[in-house]
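Data block below; observations after.
In my numbering, the protein residues as written are 141 to 382.
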(Lines of atoms letter the chains of each structure in order from A and count residues from 1; the text may use other names and numbers.)
(Lines give C-alpha, C1' and ligand atoms only; values in the text may rest on other atoms or scores of the structure.)
Protein backbone atom coordinates (compact mmCIF):
# COMPACT_ATOMS: atom_id res chain seq x y z
CA UNK A 1 0.00 0.00 0.00
CA UNK A 2 1.34 3.41 -0.92
CA UNK A 3 1.99 5.83 1.94
CA UNK A 4 2.49 9.31 0.54
CA UNK A 5 3.10 12.58 2.40
CA UNK A 6 2.00 15.80 0.74
CA UNK A 7 3.48 18.96 2.25
CA UNK A 8 1.44 21.98 1.22
CA UNK A 9 -1.64 19.83 0.74
CA UNK A 10 -4.15 22.67 0.96
CA UNK A 11 -2.63 24.70 -1.87
CA UNK A 12 -4.19 24.52 -5.32
CA UNK A 13 -1.59 22.10 -6.69
CA UNK A 14 -1.23 20.11 -3.48
CA UNK A 15 -4.95 19.49 -3.11
CA UNK A 16 -5.35 18.55 -6.80
CA UNK A 17 -2.54 16.02 -6.44
CA UNK A 18 -4.08 14.67 -3.23
CA UNK A 19 -7.42 14.08 -4.96
CA UNK A 20 -5.71 12.41 -7.92
CA UNK A 21 -3.66 10.11 -5.67
CA UNK A 22 -6.70 9.22 -3.59
CA UNK A 23 -8.58 8.33 -6.77
CA UNK A 24 -5.64 6.09 -7.67
CA UNK A 25 -5.96 4.31 -4.32
CA UNK A 26 -3.03 5.79 -2.39
CA UNK A 27 -2.95 6.20 1.38
CA UNK A 28 -2.18 9.84 2.18
CA UNK A 29 -0.78 11.92 5.00
CA UNK A 30 -1.62 15.58 4.42
CA UNK A 31 0.45 18.39 5.93
CA UNK A 32 -0.25 22.10 5.85
CA UNK A 33 -0.50 25.19 7.99
CA UNK A 34 -4.22 26.03 7.70
CA UNK A 35 -6.05 23.86 10.24
CA UNK A 36 -9.58 24.35 8.90
CA UNK A 37 -8.66 23.79 5.25
CA UNK A 38 -6.47 20.82 6.13
CA UNK A 39 -9.15 19.17 8.25
CA UNK A 40 -11.74 19.68 5.53
CA UNK A 41 -9.55 18.13 2.83
CA UNK A 42 -8.52 15.26 5.09
CA UNK A 43 -12.16 14.54 5.89
CA UNK A 44 -13.06 14.61 2.20
CA UNK A 45 -10.30 12.15 1.30
CA UNK A 46 -10.31 10.01 4.44
CA UNK A 47 -6.67 10.88 5.02
CA UNK A 48 -4.52 11.41 8.09
CA UNK A 49 -3.22 14.92 8.52
CA UNK A 50 -1.07 17.19 10.65
CA UNK A 51 -0.26 20.86 10.97
CA UNK A 52 3.21 21.72 9.72
CA UNK A 53 5.27 24.90 9.82
CA UNK A 54 7.63 24.51 6.89
CA UNK A 55 10.06 27.00 8.46
CA UNK A 56 10.48 24.76 11.53
CA UNK A 57 12.64 21.64 11.16
CA UNK A 58 11.06 20.03 14.23
CA UNK A 59 7.58 20.50 12.79
CA UNK A 60 8.64 18.80 9.55
CA UNK A 61 10.20 15.93 11.51
CA UNK A 62 7.02 15.48 13.56
CA UNK A 63 4.89 15.13 10.42
CA UNK A 64 7.24 12.54 8.98
CA UNK A 65 7.26 10.51 12.19
CA UNK A 66 3.46 10.51 12.26
CA UNK A 67 3.28 9.43 8.61
CA UNK A 68 5.69 6.56 9.29
CA UNK A 69 3.14 5.08 11.68
CA UNK A 70 1.27 3.97 8.54
CA UNK A 71 4.31 2.07 7.27
CA UNK A 72 7.33 2.92 5.11
CA UNK A 73 7.00 6.17 3.20
CA UNK A 74 6.61 5.48 -0.51
CA UNK A 75 6.19 9.09 -1.63
CA UNK A 76 7.02 12.61 -0.49
CA UNK A 77 5.70 15.64 -2.31
CA UNK A 78 6.94 19.12 -1.41
CA UNK A 79 4.18 21.31 -2.87
CA UNK A 80 5.19 24.30 -0.76
CA UNK A 81 6.61 27.39 -2.40
CA UNK A 82 6.42 31.14 -2.70
CA UNK A 83 6.25 33.91 -5.26
CA UNK A 84 8.38 36.80 -4.06
CA UNK A 85 8.54 39.47 -6.74
CA UNK A 86 10.81 42.40 -5.88
CA UNK A 87 13.23 44.41 -7.98
CA UNK A 88 16.86 44.11 -6.93
CA UNK A 89 16.88 47.48 -5.20
CA UNK A 90 14.15 46.36 -2.80
CA UNK A 91 15.25 42.79 -2.04
CA UNK A 92 16.58 42.36 1.50
CA UNK A 93 18.86 39.75 2.95
CA UNK A 94 15.90 38.27 4.78
CA UNK A 95 14.01 38.01 1.48
CA UNK A 96 16.79 35.92 0.01
CA UNK A 97 17.21 33.78 3.13
CA UNK A 98 13.50 33.13 3.76
CA UNK A 99 12.76 32.36 0.11
CA UNK A 100 15.68 29.94 -0.11
CA UNK A 101 14.81 28.28 3.20
CA UNK A 102 11.16 27.66 2.29
CA UNK A 103 11.82 26.35 -1.20
CA UNK A 104 15.16 24.56 -0.83
CA UNK A 105 16.39 24.11 2.75
CA UNK A 106 13.09 22.91 4.20
CA UNK A 107 12.54 20.52 1.29
CA UNK A 108 16.03 19.13 1.79
CA UNK A 109 15.43 18.67 5.50
CA UNK A 110 12.16 16.85 4.81
CA UNK A 111 13.93 14.44 2.47
CA UNK A 112 16.71 13.98 5.04
CA UNK A 113 14.20 13.15 7.79
CA UNK A 114 12.32 10.72 5.54
CA UNK A 115 15.34 9.19 3.76
CA UNK A 116 15.57 5.95 5.74
CA UNK A 117 11.85 5.27 5.40
CA UNK A 118 11.89 6.25 1.71
CA UNK A 119 14.72 3.77 1.11
CA UNK A 120 12.72 1.06 2.83
CA UNK A 121 9.63 1.93 0.80
CA UNK A 122 11.53 2.30 -2.51
CA UNK A 123 10.02 5.75 -2.51
CA UNK A 124 9.62 8.65 -4.91
CA UNK A 125 10.07 12.35 -4.13
CA UNK A 126 8.55 15.21 -6.10
CA UNK A 127 9.66 18.84 -5.80
CA UNK A 128 8.40 21.94 -7.60
CA UNK A 129 10.67 24.40 -9.36
CA UNK A 130 9.56 27.11 -11.79
CA UNK A 131 10.04 28.26 -15.35
CA UNK A 132 11.80 31.21 -13.66
CA UNK A 133 14.70 28.93 -12.70
CA UNK A 134 15.93 29.00 -16.29
CA UNK A 135 14.13 31.97 -17.88
CA UNK A 136 14.96 35.53 -16.94
CA UNK A 137 12.08 37.63 -15.59
CA UNK A 138 12.42 41.02 -13.97
CA UNK A 139 11.84 41.28 -10.21
CA UNK A 140 12.46 37.54 -9.80
CA UNK A 141 15.95 37.64 -8.25
CA UNK A 142 15.13 35.83 -5.01
CA UNK A 143 12.60 33.32 -6.30
CA UNK A 144 14.54 32.45 -9.48
CA UNK A 145 17.64 31.75 -7.42
CA UNK A 146 15.68 29.59 -4.98
CA UNK A 147 13.94 27.59 -7.69
CA UNK A 148 17.25 26.96 -9.43
CA UNK A 149 18.37 25.68 -6.04
CA UNK A 150 15.44 23.25 -5.99
CA UNK A 151 16.66 21.73 -9.25
CA UNK A 152 20.22 21.46 -7.93
CA UNK A 153 18.99 19.86 -4.72
CA UNK A 154 16.98 17.31 -6.67
CA UNK A 155 19.76 16.06 -8.91
CA UNK A 156 22.24 15.90 -6.02
CA UNK A 157 19.93 13.92 -3.74
CA UNK A 158 18.63 11.75 -6.59
CA UNK A 159 22.23 10.66 -7.09
CA UNK A 160 22.90 10.15 -3.40
CA UNK A 161 19.73 8.15 -2.70
CA UNK A 162 19.76 6.01 -5.85
CA UNK A 163 18.91 3.28 -6.57
CA UNK A 164 16.35 3.03 -3.77
CA UNK A 165 14.75 6.50 -4.01
CA UNK A 166 13.77 8.47 -7.09
CA UNK A 167 13.61 12.29 -7.02
CA UNK A 168 12.08 14.41 -9.77
CA UNK A 169 11.00 18.00 -10.30
CA UNK A 170 8.07 19.63 -12.06
CA UNK A 171 8.77 23.18 -13.27
CA UNK A 172 5.50 25.08 -13.81
CA UNK A 173 4.85 28.45 -15.32
CA UNK A 174 2.40 30.80 -13.61
CA UNK A 175 -0.78 28.96 -12.67
CA UNK A 176 -4.02 29.72 -10.88
CA UNK A 177 -3.45 29.63 -7.12
CA UNK A 178 -3.83 31.73 -3.99
CA UNK A 179 -0.21 32.87 -4.35
CA UNK A 180 -0.74 33.94 -7.95
CA UNK A 181 -4.05 35.68 -7.28
CA UNK A 182 -2.54 39.17 -6.86
CA UNK A 183 -0.90 38.88 -10.30
CA UNK A 184 -3.95 37.45 -12.00
CA UNK A 185 -6.63 39.63 -10.42
CA UNK A 186 -6.01 42.28 -13.07
CA UNK A 187 -7.82 41.03 -16.16
CA UNK A 188 -5.55 42.78 -18.64
CA UNK A 189 -2.41 41.52 -16.89
CA UNK A 190 -3.77 37.98 -16.76
CA UNK A 191 -4.60 38.08 -20.46
CA UNK A 192 -1.14 39.38 -21.29
CA UNK A 193 0.53 36.62 -19.27
CA UNK A 194 -1.65 33.99 -20.94
CA UNK A 195 -0.66 35.26 -24.37
CA UNK A 196 3.03 34.91 -23.49
CA UNK A 197 2.50 31.13 -23.46
CA UNK A 198 2.34 29.27 -26.77
CA UNK A 199 -0.74 27.43 -25.51
CA UNK A 200 -2.33 30.83 -24.77
CA UNK A 201 -3.63 30.20 -21.29
CA UNK A 202 -2.66 30.28 -17.63
CA UNK A 203 -2.08 26.91 -16.02
CA UNK A 204 -4.33 25.33 -13.43
CA UNK A 205 -3.78 22.76 -10.71
CA UNK A 206 -5.21 19.90 -12.74
CA UNK A 207 -2.43 20.40 -15.29
CA UNK A 208 0.00 18.94 -12.73
CA UNK A 209 -1.99 16.27 -10.88
CA UNK A 210 -1.88 13.33 -13.35
CA UNK A 211 1.86 13.70 -13.97
CA UNK A 212 2.55 14.06 -10.25
CA UNK A 213 0.64 10.87 -9.53
CA UNK A 214 2.53 9.04 -12.27
CA UNK A 215 5.88 10.13 -10.82
CA UNK A 216 4.88 8.61 -7.48
CA UNK A 217 4.24 5.25 -9.12
CA UNK A 218 7.21 2.91 -9.59
CA UNK A 219 5.25 0.86 -12.09
CA UNK A 220 4.63 3.81 -14.40
CA UNK A 221 7.77 5.89 -13.85
CA UNK A 222 10.28 3.55 -12.27
CA UNK A 223 13.06 4.56 -14.67
CA UNK A 224 12.67 8.31 -14.21
CA UNK A 225 14.85 10.09 -11.68
CA UNK A 226 16.77 13.37 -11.59
CA UNK A 227 14.42 14.79 -14.21
CA UNK A 228 13.14 18.36 -14.40
CA UNK A 229 9.89 18.26 -16.35
CA UNK A 230 8.51 21.52 -17.71
CA UNK A 231 4.73 21.83 -17.38
CA UNK A 232 4.46 25.41 -18.52
CA UNK A 233 2.33 25.83 -21.61
CA UNK A 234 5.51 25.80 -23.69
CA UNK A 235 6.90 28.96 -22.16
CA UNK A 236 10.38 27.63 -21.32
CA UNK A 237 11.20 26.28 -24.77
CA UNK A 238 8.87 27.81 -27.36
CA UNK A 239 8.25 31.32 -28.60
CA UNK A 240 4.80 32.70 -29.29
CA UNK A 241 3.82 33.58 -32.86
CA UNK A 242 3.54 37.24 -31.97
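Heads up, the beta-carbon is just placed ideally off N, CA and C, and yes, glycines get one too. If you're wondering where the values come from, they're calculated on a predicted model, not measured in any experiment.
Would you report the Cα separation of residue i and residue j, rounded to the nearest angstrom?
i, j, result
"residue 352", "residue 227", "32 Å"
"residue 183", "residue 159", "12 Å"
"residue 369", "residue 180", "31 Å"
"residue 359", "residue 143", "15 Å"
"residue 253", "residue 246", "10 Å"
"residue 338", "residue 376", "10 Å"
"residue 199", "residue 193", "6 Å"
"residue 268", "residue 340", "22 Å"
"residue 271", "residue 334", "14 Å"
"residue 222", "residue 197", "18 Å"
"residue 321", "residue 364", "33 Å"
Could you tell me whether the Cβ atoms of residue i and residue j are closer together than 7 Å?
i, j, result
"residue 215", "residue 354", "no"
"residue 153", "residue 219", "yes"
"residue 286", "residue 239", "yes"
"residue 307", "residue 265", "yes"
"residue 283", "residue 224", "yes"
"residue 149", "residue 345", "no"
"residue 250", "residue 273", "no"
"residue 115", "residue 244", "Outside the modelled stretch of the chain, which goes from 141 to 382, sits residue 115, for which no answer is possible."
"residue 260", "residue 303", "no"
"residue 255", "residue 366", "no"
"residue 281", "residue 342", "no"
Can you tell me where the alpha helix (DSSP H) with residue i in it begins and where it stops?
i, result
"residue 261", "Note, residue 261: premise wrong, no alpha helix (DSSP H); not H, not E."
"residue 358", "358-361"
State the start and end residues of the unbroken beta strand (DSSP E) segment that holds residue i.
i, result
"residue 157", "Counting along the chain, residue 157 falls outside any beta strand (DSSP E), though it belongs to the alpha helix (DSSP H) covering 152-163."
"residue 368", "368-371"
"residue 143", "143-147"
How close, in whole Å, do the beta carbons of residue i and residue j come, if the pair is a contact with beta carbons under 8 Å?
i, j, result
"residue 258", "residue 295", "Not confirmed; about 17 Å, so no contact."
"residue 162", "residue 185", "5 Å"
"residue 313", "residue 151", "So it is not a contact: roughly 16 Å between Cβ atoms."
"residue 168", "residue 178", "12 Å between Cβ atoms; not a contact."
Contiguous beta strand (DSSP E) assignments of at least 3 residues, all confined to the stretch 263-332: 264-268, 306-312
Within the stretch 171-234, ranges of the alpha helix (DSSP H) (whole runs, at least 4 residues): 175-185, 197-208
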